[in-house]
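Numbering (this note's numbering), first residue to last: 20 to 137. In this text, a Cβ means the ideal position worked out from N, Cα and C, and glycines have one as well.
Pasting the structure below:
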(Lines of atoms letter the chains of each structure in order from A and count residues from 1; the text may use other names and numbers.)
(Lines give C-alpha, C1' and ligand atoms only; values in the text may rest on other atoms or scores of the structure.)
Protein backbone atom coordinates (compact mmCIF):
# COMPACT_ATOMS: atom_id res chain seq x y z
CA UNK A 1 0.00 0.00 0.00
CA UNK A 2 1.38 3.39 -0.99
CA UNK A 3 1.18 6.65 0.91
CA UNK A 4 2.73 8.83 -1.77
CA UNK A 5 2.26 8.74 -5.53
CA UNK A 6 4.56 10.50 -7.97
CA UNK A 7 3.45 11.12 -11.56
CA UNK A 8 5.83 11.85 -14.42
CA UNK A 9 5.07 12.67 -18.05
CA UNK A 10 7.88 11.86 -20.45
CA UNK A 11 8.85 13.46 -23.76
CA UNK A 12 6.92 10.85 -25.73
CA UNK A 13 3.70 11.64 -23.79
CA UNK A 14 3.90 8.48 -21.67
CA UNK A 15 2.67 8.92 -18.10
CA UNK A 16 4.51 6.90 -15.46
CA UNK A 17 3.63 6.48 -11.78
CA UNK A 18 5.75 5.64 -8.75
CA UNK A 19 4.23 4.61 -5.43
CA UNK A 20 6.12 5.02 -2.16
CA UNK A 21 5.26 3.23 1.08
CA UNK A 22 6.64 6.07 3.18
CA UNK A 23 6.83 9.83 2.75
CA UNK A 24 10.58 9.86 3.43
CA UNK A 25 11.73 7.19 0.95
CA UNK A 26 12.50 7.29 -2.75
CA UNK A 27 12.89 3.58 -3.47
CA UNK A 28 10.11 2.81 -5.92
CA UNK A 29 10.39 2.46 -9.66
CA UNK A 30 8.33 4.37 -12.22
CA UNK A 31 5.93 2.17 -14.18
CA UNK A 32 3.63 3.03 -17.05
CA UNK A 33 -0.07 3.57 -16.47
CA UNK A 34 -1.04 2.82 -20.07
CA UNK A 35 -0.79 -0.25 -22.24
CA UNK A 36 2.24 -0.46 -24.52
CA UNK A 37 2.03 2.10 -27.33
CA UNK A 38 -0.79 4.15 -25.73
CA UNK A 39 -0.41 7.84 -24.84
CA UNK A 40 -2.34 10.52 -22.97
CA UNK A 41 -3.88 11.82 -26.20
CA UNK A 42 -5.44 8.41 -26.93
CA UNK A 43 -7.73 8.61 -23.88
CA UNK A 44 -11.40 8.83 -24.80
CA UNK A 45 -13.23 10.75 -22.11
CA UNK A 46 -16.81 9.85 -21.36
CA UNK A 47 -19.32 11.88 -19.40
CA UNK A 48 -20.27 10.41 -16.05
CA UNK A 49 -24.05 10.43 -15.55
CA UNK A 50 -25.47 12.25 -12.54
CA UNK A 51 -26.71 9.92 -9.83
CA UNK A 52 -29.27 11.57 -7.57
CA UNK A 53 -31.30 14.63 -8.49
CA UNK A 54 -31.27 17.27 -5.73
CA UNK A 55 -34.58 18.40 -4.30
CA UNK A 56 -35.83 21.95 -4.82
CA UNK A 57 -35.20 23.01 -1.20
CA UNK A 58 -31.48 22.23 -1.48
CA UNK A 59 -31.22 24.09 -4.78
CA UNK A 60 -32.91 27.13 -3.25
CA UNK A 61 -30.58 27.01 -0.21
CA UNK A 62 -27.50 26.91 -2.44
CA UNK A 63 -28.79 29.81 -4.53
CA UNK A 64 -29.53 31.93 -1.43
CA UNK A 65 -26.10 31.22 0.09
CA UNK A 66 -24.29 32.12 -3.14
CA UNK A 67 -26.28 35.36 -3.47
CA UNK A 68 -25.50 36.30 0.15
CA UNK A 69 -21.79 35.67 -0.27
CA UNK A 70 -21.12 36.98 -3.82
CA UNK A 71 -24.12 39.27 -4.47
CA UNK A 72 -26.87 39.31 -7.09
CA UNK A 73 -24.44 39.34 -10.06
CA UNK A 74 -22.70 36.06 -9.10
CA UNK A 75 -23.61 34.52 -12.48
CA UNK A 76 -20.90 36.65 -14.12
CA UNK A 77 -18.12 35.22 -11.95
CA UNK A 78 -16.04 32.62 -13.76
CA UNK A 79 -15.29 30.47 -10.70
CA UNK A 80 -19.05 29.99 -10.05
CA UNK A 81 -20.01 28.84 -13.56
CA UNK A 82 -20.55 25.27 -12.33
CA UNK A 83 -23.25 26.38 -9.89
CA UNK A 84 -24.82 28.61 -12.51
CA UNK A 85 -25.09 25.71 -14.96
CA UNK A 86 -26.46 23.29 -12.34
CA UNK A 87 -29.10 25.73 -11.12
CA UNK A 88 -30.09 26.57 -14.70
CA UNK A 89 -30.33 22.87 -15.59
CA UNK A 90 -32.58 21.98 -12.67
CA UNK A 91 -34.69 25.14 -12.98
CA UNK A 92 -35.76 23.92 -16.43
CA UNK A 93 -36.59 20.36 -15.37
CA UNK A 94 -39.52 19.74 -13.02
CA UNK A 95 -38.47 18.25 -9.70
CA UNK A 96 -40.65 16.27 -7.32
CA UNK A 97 -40.73 17.98 -3.95
CA UNK A 98 -39.85 15.59 -1.11
CA UNK A 99 -42.68 17.06 1.03
CA UNK A 100 -45.21 15.96 -1.60
CA UNK A 101 -43.80 12.45 -1.64
CA UNK A 102 -43.89 12.17 2.15
CA UNK A 103 -47.42 13.56 2.34
CA UNK A 104 -48.62 10.91 -0.09
CA UNK A 105 -50.00 13.34 -2.68
CA UNK A 106 -48.79 11.05 -5.44
CA UNK A 107 -51.15 8.21 -4.40
CA UNK A 108 -54.80 7.75 -5.29
CA UNK A 109 -57.39 8.38 -2.53
CA UNK A 110 -59.19 5.37 -1.04
CA UNK A 111 -62.88 5.47 -0.13
CA UNK A 112 -63.63 4.83 3.52
CA UNK A 113 -66.11 2.07 4.35
CA UNK A 114 -68.21 3.13 7.38
CA UNK A 115 -69.31 -0.41 8.39
CA UNK A 116 -65.81 -1.86 8.45
CA UNK A 117 -64.57 -2.54 11.98
CA UNK A 118 -61.12 -3.92 12.61
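In angstroms with no decimal places, state the Cα-to-Cα distance between residue 69 and residue 103. By 1-based counting over the chain shown, the position of residue 69 is 50. By 1-based counting over the chain shown, the position of residue 103 is 84. Going by the C-alpha atoms only, they are around 16 Å apart.
Between the alpha carbons of residue 76 and residue 108, how many angstroms are there, rounded? Taking the first residue of the chain shown as position 1, residue 76 is located at position 57. Taking the first residue of the chain shown as position 1, residue 108 is located at position 89. Each residue's alpha carbon lies about 15 Å from the other.
Under the assumption that residue 58 contacts residue 33 (Cβ atoms under 8 Å), give the Cβ distance between them as a whole number of angstroms. Translated into positions along the chain shown, residue 58 becomes position 39. Translated into positions along the chain shown, residue 33 becomes position 14. The C-beta distance from residue 58 to residue 33 rounds to 6 Å, short enough to fall under 8 Å.
If you check the beta carbons only, do residue 48 and residue 22 fall under 9 Å apart? Numbered from its first residue, the chain shown carries residue 48 at position 29. Numbered from its first residue, the chain shown carries residue 22 at position 3. Result no, Cβ atoms of residue 48 and residue 22 do not sit closer than 9 Å.
C-alpha distance - residue 10 paired with residue 46, whole-angstrom precision: In the structure as shown, the chain begins at 20 and stops at 137. Residue 10 is therefore absent and cannot be evaluated.
If we ignore side chains and look at the alpha-carbon of each, how far apart do residue 100 and residue 106 end up? Here residue 100 refers to the residue found at position 81 of the chain shown. Here residue 106 refers to the residue found at position 87 of the chain shown. Answer to the nearest angstrom: the Cα atoms are 10 Å apart.
Determine the extent of the beta strand (DSSP E) in which residue 32 is found, giving its start and end residues. Here residue 32 is taken as the residue at index 13 of the chain shown, counted from 1. Taken as a continuous stretch (DSSP letters only), residue 32 belongs to no beta strand (DSSP E), as it is neither H nor E.
Under the three-state reduction of DSSP, which class applies to residue 77: helix, strand or coil? For the purposes of this step, residue 77 is identified with residue 58 of the chain shown, where counting begins at 1. It is helical.
Tell me where the beta strand (DSSP E) around residue 28 begins and ends. For the purposes of this step, residue 28 is taken as residue 9 along the chain shown, with counting starting at 1. Run containing residue 28: 23-28, per the beta strand (DSSP E) assignment.
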